[in-house]
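S.K.: Residue numbers (the working numbering): 1147 to 1205.
A virtual CB, placed ideally from N, CA and C, is assigned to each residue, including glycine.
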Amino acid sequence: IEAIDAVRRLRELETNTHVPIVVMGDKEPEHLPEGVDGFIRKPVDNEELKSQVRRVVQA
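(1) Starting from Val1168, follow its DSSP beta bridges and name the residues at the other end.
(2) Hey, Val1169 and Gln1198 are a contact pair by Cβ (cut 8 Å); roughly how many whole angstroms apart?
(3) If distances are taken between C-alpha atoms only, which option among Asp1172, Leu1159, Arg1157 comes closest to Val1190?
(4) Below 8 Å on the Cβ atoms is my contact criterion, and I expect Phe1185 with Leu1178 to pass it. Report the Cβ-Cβ distance as a whole number of Å.
(5) Indicate whether Val1202 and Gly1181 have their beta-carbon atoms separated by less than 8 Å.
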C-alpha cells in the first residue's frame, strides 16, 4: 500500500476526531499531500521528532 493511499483510508475512517499524520522520507516534498500534517526527514533526529509531535498535537 502506498503512503498516500494509507492516509486517504485513515482519513475516511475518522469520525469526530482528527488524528495527526506525520510521514517520514528521504526527501521533503515541496507540498505535503492532502491529509498529511507533518514531515520528518530520515534518518530521524529525536529533537525534530519531538518538535513535530508537539506541533501536530497542539494544532
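M.R.: Looking at the coordinates:
(1) Gly1184
(2) That belief does not hold up - the Cβ atoms of Val1169 and Gln1198 are roughly 10 Å apart, past 8 Å.
(3) Asp1172
(4) About 6 Å; that satisfies the 8 Å criterion.
(5) No, the pair does not count as a contact, with Cβ atoms beyond the cut-off.
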